[in-house]
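Participant:
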Amino acid sequence: TPIRLRSDDYVVYETEFQTRCATVVLIDMSGSMARYGKYATTKKVAMALQSMVRTQYPQDSLQLVGFYTYANVLTERELLDSAPKPVSMFDSRINLRFDLDNLPKRVPQHFTNIDAGLRLARNLLGRQAANNKQIIIVTDGEPTAHIEGRELVLMYPPSKKTSQATLNEAKRCAAAGIRVSSFALIDDPYYLGLVNFVEEMARVSGGVAAYCGADDLGKFVFDSFLGGRRVRKTIH
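Going by my numbering, the letters in the sequence shown line up with residues -3 to 232, in that order.
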């Protein structure tokens, strides 16, 4: 029987002064999220967090962004109806470039573009007047897509070039006073590439990184959200 998460499952007692907080949750919609119920659990956690913000912190704002080959804002209904993008390429090595101003009709959707997700989140938070701003990322893979100028770049296996582009964007988020928390869903205990990447993203952004199974995701995300409400990030 699937476990249904509700905001009531996370009862929090806080006495310290709370300041308004704006949050963007970045949700991995790449093809690998379909395995082991990872995407279904992530959706439940995001919906429960949205419910908690609405009922307990109505002065806050929380937006949901799905990232895959691209990134886009999701309403609650769109998130509820969404699914990971199906894998459409099975080549052992992929290196593709697309002109963002003249995209073909068919572009593989299942890649992991954390760079695009961070860019969109930074732009969304830049419009908010909140004292505290944070991005919470849930992903199960290293980035395999990034943006160069007006080009979309897809690379598999994960490349240093894509990782560096993503880390550079994480630094821009930090420079804008945004707290970045990254949660790696690990289904293989020997998959150190993703662990190393999220730890490096935490290092360059001064943020938070953790890796966990899908069953523990709710606790990690809720704890991070509440921690981000208390810690005001200064702009360097």
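Glycine residues also receive a C-beta, built at the ideal position from the N, C-alpha and C atoms.
On the three-pair Cβ rule with 8 Å, is the stretch 41 to 60 touching the stretch 88 to 108?
Facilitator: Taking 8 Å as the limit for Cβ pairs, the verdict is that the stretch 88 to 108 does not touch the stretch 41 to 60.
Participant: What's the C-alpha gap between LEU70 and THR135?
Facilitator: By 1-based counting over the sequence shown, the position of residue 70 is 74. By 1-based counting over the sequence shown, the position of residue 135 is 139. Cα to Cα, the separation comes out at about 16 Å.
Participant: Name the DSSP bridge partner or partners of CYS208?
Facilitator: Here residue 208 corresponds to residue number 212 of the sequence shown, with the count starting at 1. LEU181, per the DSSP bridge assignment.
Participant: Have a look at ALA126, LEU190, ASP183, ARG123 and flag the residue whose alpha-carbon is nearest the alpha-carbon of SER155.
Facilitator: On the sequence shown, position 159 is the one that residue 155 refers to. Selected option, being the one with the closest Cα: LEU190.
Participant: Classify PHE221: buried if its beta carbon has 16 or more other beta carbons within 10 angstroms, exposed otherwise.
Facilitator: As a working note, residue 221 is residue 225 in the sequence shown. Result: buried.
Participant: Assuming contact is defined by CB atoms lying nearer than 8 Å, are GLY203 and ALA170 in contact in what I supplied?
Facilitator: Position 207 of the sequence shown, counting from 1, holds the residue named residue 203. Position 174 of the sequence shown, counting from 1, holds the residue named residue 170. Going by C-beta atoms, GLY203 is nearer than 8 Å to ALA170.
Participant: Have a look at the DSSP bridge pairing and note the partners of GLN124.
Facilitator: Within the sequence shown, residue 124 is the residue found at index 128, counting from 1. Answer is none; GLN124 lacks a bridge partner.
Participant: Helix, strand or coil for ASP56, going by three-state DSSP, please let me know.
Facilitator: Residue numbering aside, residue 56 sits at position 60 when the sequence shown is read from its first letter. If DSSP states are grouped into helix, strand and coil, ASP56 belongs with coil.
Participant: Among MET43, LEU163, ARG31, GLY33, which has the Cα closest to the Cα of VAL217?
Facilitator: Position 221 of the sequence shown holds residue 217. Among MET43, LEU163, ARG31, GLY33, the Cα nearest to that of VAL217 belongs to MET43.
Participant: From TYR64 to HIS106, what distance separates their C-alpha atoms?
Facilitator: Walking along the sequence shown from the start, residue 64 turns up at place 68. Walking along the sequence shown from the start, residue 106 turns up at place 110. Whole-angstrom Cα-Cα distance: 6 Å.
Participant: The alpha helix (DSSP H) spanning ASN236 covers which residue range?
Facilitator: The chain is shown only over -3 to 232; residue 236 falls outside these bounds and no answer can be derived.
Participant: Should the stretch 29 to 40 be called in touch with the stretch 145 to 163, which here means at least 3 C-beta pairs below 8 Å?
Facilitator: Flag = no, the stretch 29 to 40 and the stretch 145 to 163 do not touch.
Participant: Just verifying my parser: in three-state terms, what is the DSSP assignment at MET151?
Facilitator: Taking the first residue of the sequence shown as 1, we reach residue 151 at position 155. Strand.
Participant: Where does LYS129 fall in DSSP's three states?
Facilitator: For the purposes of this step, residue 129 is taken as the residue at position 133 of the sequence shown. In this structure, LYS129 counts as strand in the three-state DSSP scheme.
Participant: Count Cβ pairs between the stretch 18 to 31 and the stretch 68 to 83 that sit closer than 8 Å; are there 3 or more?
Facilitator: Judged by Cβ distances under 8 Å, the stretch 18 to 31 makes contact with the stretch 68 to 83, as three or more pairs qualify.
Participant: Is it the case that the Cβ atoms of SER256 and ALA205 are separated by a distance below 8 Å?
Facilitator: Because the chain here runs from -3 to 232, residue 256 falls outside it and cannot be looked at.
Participant: Looking at the ligand PLP, does it come within less than 7 Å of VAL204, judged from the CB to the closest heavy atom?
Facilitator: Inclusion of the ligand PLP in the displayed structure is not the case, the ligand content being empty and no account of it being possible.
Participant: Enumerate in chain order the residues of its own chain whose CB-to-CB distance from GLN130 is below 6 Å, with the five nearest sequence positions on each side excluded.
Facilitator: Taking the first residue of the sequence shown as position 1, residue 130 is located at position 134. For GLN130, where only same-chain residues beyond five positions count, the Cβ hits under 6 Å are THR19, ARG175, GLY224.
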